[in-house]
């Protein structure tokens, strides 16, 4: 493990040099050798074409076709002024940068896998997140060093400098964007240690907010340093544009406030089973705009967060227990003694040591009563409360297993006691039944005897 950490530390220092000191080296590498060559080239071009000097002095504006011709002329100058060995050096530097980038990515990914296998989550994430940005940084470094050997006019030099700045900023922004994963892991550890249920909701929101912030800063930096946009004036203009955007994005703003309401009011958390507007499923994600619910059929339902502000949410996972009520029916020919015995047998089943584990007898003991005469049976009402405890495996599936065991013992106990189960029956008397017994009464004919 120690050699691996030493190599990792060395590589981290190397990455620091590339990412931190690289821009300074790149600025010197691209800019230093160009001034003299560019001035000479421009002086020669201007001395050979006096009309061009007069045109520039007159302040005329170049058309797109003139810009294209100027770019072609500058590229022609680069090809004419740059010797073959300089082109070979450029190709070699680019190839070397690509090879170093590929090697750095391979090495960082290998270290990440090794550390991940040894449960070094944060360290493995750092090297895994730095792999691809490091590859881009080394490639950019190779391109920048190779451009030093080319003799470029000032315009092309400015273009190449901006391109290198863009690529280098992209690699650093990419690295910071990926390193948000480490913040995500750290926040999850803190929330899990404090035993709060907000980890599944708050942490994803913070992760998304940080990544959006990194992207915005990257875009602003590129706009100012590469494209020369006046950020101050641009931000001032956002005041007017922001009003129009806010009017057009009222629903989005409502959804954001809805997500804040869900986070603060905590009607549910990620992983909870909820019922909302006819949708029954498990909460998979709470985002800025919407909440995703996975139904029992596997469908993913997306609900805008603003609907939770005024809607009614039934949090099934927040229930402390599951209640079962059932009716045990026995035939009408059962004697009173057998009825008492049946009630007692059910009580004995629920009072067994292995059956009372999910109960809280002091709060909600089982209830068994002979309570009703049905049309075709005598009814015994049974109710018991199964308290949920994830640590003990007392969940929905445990509840179903408990019911199965109760049903099995009930059937076995009643069978051994000679108590039957009633089922709906009816007795019908048919007028045309030949087997029906008839009662015939003969009346004395008084007229015949008188």
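Numbering (the numbering used here), first residue to last: 379 to 828. All C-beta atoms, glycine included, are put in the ideal place defined by N, C-alpha and C.
Query	Result
Nearest-angstrom beta carbon gap, residue 549 and residue 511 [assumed within contact, 8 Å]	5 Å
Own chain residues within Cβ distance below 7 Å of residue 672, not counting five before or after	659, 660, 662, 678
Chain-order list of residues whose beta-carbon lies under 6 Å from that of residue 763 (same chain, five-residue window excluded)	699, 701, 742
Inter-residue spacing [alpha-carbon to alpha-carbon] between residue 787 and residue 799	14 Å
Residue 470 and residue 516 closer than 8 Å at C-beta	no
Alpha carbon of residue 642 to alpha carbon of residue 651, nearest angstrom	19 Å
Spatial distance of residue 547 from residue 688 (CA atoms)	45 Å
Sequence-distant residues of the same chain with beta carbon closer than 6 Å to residue 632, five excluded per side	684
C-beta contact flag for residue 759 and residue 718 at 8 Å	no
For residue 663: DSSP bridge partner residues	670
Sub-8 Å separation of residue 653 and residue 692 beta-carbons	yes
Secondary structure of residue 803, DSSP reduced to three states	coil
Unbroken alpha helix (DSSP H) run spanning residue 761, endpoints	Careful: residue 761 lies outside any alpha helix (DSSP H), inside the beta strand (DSSP E) at 756-765.
Where residue 420 sits in the DSSP three-state scheme	With a pLDDT of only 41 at residue 420, under 50, the local geometry of the prediction cannot be trusted, and no value is derived from it.
Simplified DSSP assignment, three categories, for residue 657	strand
Chain-order list of residues whose beta-carbon lies under 8 Å from that of residue 657 (same chain, five-residue window excluded)	671, 673, 679, 681
Run of the alpha helix (DSSP H) containing residue 781, from where it starts to where it stops	774-795
Inter-residue Cα distance where the pair is residue 503 and residue 638	29 Å
Burial state of residue 749 (16 or more Cβ within 10 Å)	exposed
For residue 555 and residue 455, the rounded distance between their alpha carbons	40 Å
Residue 656: CB within 7 Å of a non-hydrogen atom of the ligand MN	You won't find the ligand MN in this model; it holds no ligand whatsoever.
Counterpart residues of residue 699 in DSSP-defined beta bridges	765
Which listed residue (585, 565, 505) has its alpha carbon closest to that of residue 553	505
Assigned exposure category for residue 466 - 16 Cβ within 10 Å defines buried	exposed
Beta-carbon separation (whole angstroms), residue 604 vs residue 543, contact threshold 8 Å	6 Å
Under 8 Å between C-beta atoms of residue 501 and residue 493	yes
Beta strand (DSSP E) runs contained entirely in the segment 712-762, provided each spans 3 or more residues	745-751
Reduced DSSP secondary structure (H/G/I, E/B, other) of residue 681	strand
Delimiting residues of the alpha helix (DSSP H) encompassing residue 691	Careful: residue 691 lies outside any alpha helix (DSSP H), inside the beta strand (DSSP E) at 691-693.
Contact with chain C by residue 535, beta-carbon distance below 8 Å	Here there is only one protein chain, and chain C is not present.
For residue 651, the three-state DSSP class (helix, strand or coil)	strand
Pick from 509, 727, 731 that is closest to residue 745, judged by C-alpha positions	727
Residue 539, buried or exposed, once every other Cβ within 10 Å from all chains shown has been counted against 16	buried
According to DSSP, residues forming a beta bridge with residue 704	760
CB of residue 795 within 8 Å of CB of residue 723, strictly	yes
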